[in-house]
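Engineer: Pasting a structure here, questions to come.
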Amino acid sequence: MFEYVANLHVHSTYSDGAKTVEEIAADARRAGIDMVGITDHRTLGALLDGKEGWYGPVLVLVGMESNDRCHHYLSFGVQRPVPDNDLEPQKVIDAVKAQGGIGFIAHPFEEGSRLVDGGKTYPWEDWSVKGFDGICIWNYTSQWRDGVSSVPGAFYQVYASRQSPMKGACCRALAQWDKECQQRKVVAIGGSDAHAVTIHYGMFHPVIFPYRFLFRCVNTHVLLEKPLTGDLPEDKRLVYTALAEGRCFVAFDFYHSSKGFRFWAHNGRERAEMGGDVSLKEGVNLEVRLPGYALTRVIRNGTLIYEDRGRRISYRTHRAGVYRVEVWKRFRPWKTMGWIYSNPIYIRE
Numbered sequence: 000m001f002e003y004v005a006n007l008h009v010h011s012t013y014s015d016g017a018k019t020v021e022e023i024a025a026d027a028r029r030a031g032i033d034m035v036g037i038t039d040h041r042t043l044g045a046l047l048d049g050k051e052g053w054y055g056p057v058l059v060l061v062g063m064e065s066n067d068r069c070h071h072y073l074s075f076g077v078q079r080p081v082p083d084n085d086l087e088p089q090k091v092i093d094a095v096k097a098q099g100g101i102g103f104i105a106h107p108f109e110e111g112s113r114l115v116d117g118g119k120t121y122p123w124e125d126w127s128v129k130g131f132d133g134i135c136i137w138n139y140t141s142q143w144r145d146g147v148s149s150v151p152g153a154f155y156q157v158y159a160s161r162q163s164p165m166k167g168a169c170c171r172a173l174a175q176w177d178k179e180c181q182q183r184k185v186v187a188i189g190g191s192d193a194h195a196v197t198i199h200y201g202m203f204h205p206v207i208f209p210y211r212f213l214f215r216c217v218n219t220h221v222l223l224e225k226p227l228t229g230d231l232p233e234d235k236r237l238v239y240t241a242l243a244e245g246r247c248f249v250a251f252d253f254y255h256s257s258k259g260f261r262f263w264a265h266n267g268r269e270r271a272e273m274g275g276d277v278s279l280k281e282g283v284n285l286e287v288r289l290p291g292y293a294l295t296r297v298i299r300n301g302t303l304i305y306e307d308r309g310r311r312i313s314y315r316t317h318r319a320g321v322y323r324v325e326v327w328k329r330f331r332p333w334k335t336m337g338w339i340y341s342n343p344i345y346i347r348e
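Per numbering that gives the first Met the number 0, the sequence shown starts with residue 0, numbered consecutively.
Right, here's the structure in full:
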């Protein structure tokens, strides 16, 4: 597998972001990531203006974010703008599918803070919808905003310790994702929701948060069956196929790069990567390889069933189900947090 690091929820000057696509690509290069997903609100302007493509070593993909007051939905692989429909999000999902695109629920359980943007929130409320490809389980900006409880605390985080409030993926999003996976394949992604907005508060004018900083935090690592080619149509196909199939994982890369993480299953005859399935037969081995010493938790159908520490973890199961792993790591004496969240492997009878 060939691993590429992507930041999939980014806003540019085509909507309410602070930088141009070219400037964002330059920040991505400086941050050391491979791909950026531009998802401006209610527009494909960057795509229509020919901004999608390679910028040196960085691949810029252009999708969009639909809806306004609630039910925000990220779509990729669409060629025409997807109309908003806050009241009937199923129609947005269907419109993305009709174009052959893939779509992800953006920040489903956003709670907000009265101190940020007047307390506005943009949650996902209708869980009767069908056909969405995935859920964003960790939205950096959204979860930071949820945790703002005081002005001094917010300024401390912005100026002195931007990453300090992060503890892991959204617990409610994880629970909903586990529930959805019992019915069908649903893919988890992460994102920054980057805008780099400047806040004016008296003599202070902080940027919340710079693109380059966010590109080093919550990323989606995509695993491809062959390397990217430099040919845009083929590279888009490779990336979107991997995302749709769940060959990816979510990680917080600020303290320690998660590159090299692998999770797979085998029964002696078949092997499955993340997003794949394997038959139970006489039993299945789950294998985890880590780029650093950490605690790995094996989760079946949303329930923790095993955990162990190390860089290499093996677990044998004789039960069918939906298996994923979470990796928790102590980065500082006072800082243990969720590091890596795999997509599931589906073990069938």
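Even glycine gets a Cβ: it sits at the ideal position worked out from N, Cα and C.
Predicted model, so just to flag it, every value in this text is computed and none were measured.
With residue 24 as the anchor, note down where its alpha helix (DSSP H) starts and where it stops.
Structural biologist: That run of the alpha helix (DSSP H) goes 20 to 30.
Engineer: As an exercise, report each continuous beta strand (DSSP E) stretch of at least 3 residues that is fully enclosed by the segment 53 to 107, in chain order.
Structural biologist: 57 to 65, 72 to 75, 101 to 104
Engineer: Looking at C-alpha atoms only, which residue of 320, 348, 122 is the closest neighbour of residue 110?
Structural biologist: 122
Engineer: Given a threshold of 16 other Cβ atoms within 10 Å of its Cβ, counted over all protein chains shown, does residue 132 qualify as buried or as exposed?
Structural biologist: buried
Engineer: For residue 299, I'd like the list of residues in its chain whose CB is within less than 6 angstroms of its CB, leaving aside the five on either flank, ordered along the chain.
Structural biologist: 320, 322
Engineer: I'd like the span of the alpha helix (DSSP H) that includes residue 205, first residue to last.
Structural biologist: Neither: residue 205 is in no alpha helix (DSSP H) and is coded neither H nor E.
Engineer: Tell me, which residues are paired with residue 334 by DSSP?
Structural biologist: 331
Engineer: Answer with buried or exposed for residue 349, where buried requires no fewer than 16 other C-beta atoms within 10 angstroms of its C-beta.
Structural biologist: Because the chain spans 0 through 348 in this model, residue 349 falls outside it and cannot be assessed.
Engineer: Report the rounded CA-to-CA distance for residue 241 versus residue 347, giving the unit in angstroms.
Structural biologist: 21 angstroms
Engineer: Taking three-plus beta-carbon pairs below 8 angstroms as touching, is the segment 48 to 64 in contact with the segment 231 to 239?
Structural biologist: yes
Engineer: What runs of the beta strand (DSSP E), each 3 residues or longer, lie entirely inside the segment 220 to 271?
Structural biologist: 247 to 251, 261 to 265
Engineer: Pick from 343, 11, 7: whose alpha carbon is nearest that of residue 179?
Structural biologist: 343
Engineer: Report buried or exposed for residue 142, applying the criterion of at least 16 other Cβ atoms within 10 angstroms of its Cβ.
Structural biologist: buried
Engineer: From the DSSP output, read off the bridge partner residues of residue 6.
Structural biologist: Per DSSP, 35.
Engineer: Can you say whether residue 148 is buried or exposed, counting buried as having 16 or more other CB atoms within 10 angstroms of its CB?
Structural biologist: A caution first: residue 148 carries a pLDDT of 49, below 50, which makes its placement in the model unreliable, though a value can still be read off. Classification of residue 148: exposed, given that the 10 Å Cβ count is below 16.
Engineer: In the structure shown, what three-state DSSP assignment does residue 391 receive?
Structural biologist: Since the displayed the chain opens at 0 and closes at 348, residue 391 lies outside it and no answer follows.
Engineer: Straight-line CA distance for residue 227 to residue 196?
Structural biologist: 32 angstroms
Engineer: Taking 8 angstroms as the threshold, find out whether the segment 210 to 223 comes into contact with the segment 250 to 258 through three or more Cβ pairs.
Structural biologist: yes
Engineer: Just verifying my parser: in three-state terms, what is the DSSP assignment at residue 13?
Structural biologist: Looking at residue 13 - three-state DSSP - the assignment turns out to be coil, as it is neither helix nor strand.
Engineer: Report the three-state DSSP secondary structure of residue 325 (helix, strand or coil).
Structural biologist: DSSP places residue 325 in the strand class (E or B) of the three-state scheme.
Engineer: What are the partner residues of residue 131, as DSSP defines its beta bridges?
Structural biologist: Its beta-bridge partners do not exist; DSSP assigns none.
Engineer: From residue 367 to residue 182, what distance separates their C-alpha atoms?
Structural biologist: One cannot answer for residue 367 here, as it falls past the ends of the chain, which runs 0 to 348.
Engineer: How would you label residue 64, buried or exposed, when you count the other beta carbons within 10 angstroms and need 16 or more for buried?
Structural biologist: buried
Engineer: Consult DSSP for residue 176 and reduce its assignment to one of helix, strand or coil.
Structural biologist: Under the three-state reduction of DSSP, residue 176 is assigned to helix.
Engineer: Do residue 214 and residue 32 come within 7 angstroms of each other at the CB atom, strictly closer than that value?
Structural biologist: yes
Engineer: Could you spell out the range, first to last residue, of the beta strand (DSSP E) harbouring residue 303?
Structural biologist: 302 to 316
Engineer: DSSP state of residue 296, grouped into three classes?
Structural biologist: strand
Engineer: So if DSSP puts residue 198 in a beta bridge, which residue, or which two residues, is it bridged to?
Structural biologist: Answer by DSSP bridge pairing: none, since residue 198 is not bridged.
Engineer: For residue 295, count neighbouring C-beta atoms within 10 Å of its own C-beta (all shown protein chains included) and say buried if the count is 16 or more, exposed if not.
Structural biologist: buried
Engineer: Assign residue 0 to buried or exposed, taking buried as 16 or more other Cβ atoms, counted over all protein chains shown, within 10 Å of its Cβ.
Structural biologist: exposed
Engineer: Note down, in chain order, each residue of its chain lying with its Cβ closer than 8 angstroms to the Cβ of residue 267, except the 5 sequence neighbours on either side.
Structural biologist: 280, 281
Engineer: Where does residue 302 land, buried or exposed, given buried means 16+ other C-beta within 10 angstroms?
Structural biologist: exposed
Engineer: Given a threshold of 16 other Cβ atoms within 10 Å of its Cβ, counted over all protein chains shown, does residue 82 qualify as buried or as exposed?
Structural biologist: Burial call: exposed.
Engineer: According to DSSP, which residues form a beta bridge with residue 1?
Structural biologist: 223
Engineer: Quick one: is residue 313 buried, meaning 16 or more other Cβ sit within 10 Å of its Cβ, or exposed?
Structural biologist: exposed
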